[in-house]
Amino acid sequence: MEQQAVSIANFFNQPSIRSLPVVFYEDRWGMGIRLGVVPQGYSFYQLMYTDQLKPMRDFLSENNNTLVVMSEESYNFLYENKSIPESQPILSITKRIGSWLSSIHYSQKFIEKKIKREMWRQNLGVYLSRYYIKKEKFGDTVILERR
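Position one of the sequence shown corresponds to residue 568 (the numbering used here), numbered consecutively onward.
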């Protein structure tokens with residue numbers, strides 16, 4: 568992953584790309600800091616609390632030169648209609664006991680992830696699949712640009 572991050576950072580540091588806005592899609596949201604790129608748009612929680620219906624899509628519509636970073640898994644889901652395997656790993660005994668005694672977070676995080684993925688798809692994914700194409704691929708990360 569480190570070599571992949573270095574390659575992506577070098578890509579974004581090219582003079583012709585350096586000043587372009589970048590949006591990180593779904594599970595790639597946290598990559599910006601590691602790459603030295605300031606993400607544009609909204610985080611998942613900002614999306615939950617905004618009054619705008621689809622702020623990320625509005626941002627992309629207003630900024631046609633924006634690049635989008637997403638996982639290859641998300642790309643295949645949106646562009647090639649491939650399903651994403653939904654697996655629930657077996658929880659350790661400590662986490663099982665913890666979930667019985669305190670929080671449902673351990674068992675609910677899989678449901679939350681599914682809901683979060685659908686939120687991203689509805690708010691931005693459908694738009695991306697219509698107006699954006701693959702520009703580059705680094706390992707399991709895809710960079711999109713406007714058609």
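Ideal Cβ positions, reconstructed from N, Cα and C, are used throughout, including at glycine.
Where residue i sits in the DSSP three-state scheme
i, result
"residue 600", "helix"
"residue 624", "helix"
"residue 699", "strand"
"residue 595", "helix"
"residue 661", "helix"
"residue 693", "helix"
"residue 573", "helix"
"residue 680", "helix"
Residues near residue i by beta carbon distance below 7 Å, same chain, minus five either side
i, result
"residue 602", "572, 575, 576 and 579"
Any chain D beta carbon closer than 7 Å to residue i
i, result
"residue 677", "Looking for chain D here will not work: only one protein chain is present."
Span of the alpha helix (DSSP H), counted from its first residue to its last, around residue i
i, result
"residue 634", "No alpha helix (DSSP H) contains residue 634, which is instead part of the beta strand (DSSP E) from 634–638."
"residue 710", "Where residue 710 is concerned, there is no enclosing alpha helix (DSSP H), although the beta strand (DSSP E) it sits in stretches over 708–713."
Short Cβ contact (7 Å threshold) for residue i with residue j
i, j, result
"residue 588", "residue 607", "yes"
"residue 635", "residue 595", "no"
For the stretch 702–714 against the stretch 658–667, do three or more pairs of beta-carbon atoms, one drawn from each stretch, fall closer than 8 Å, so that the two count as touching? no
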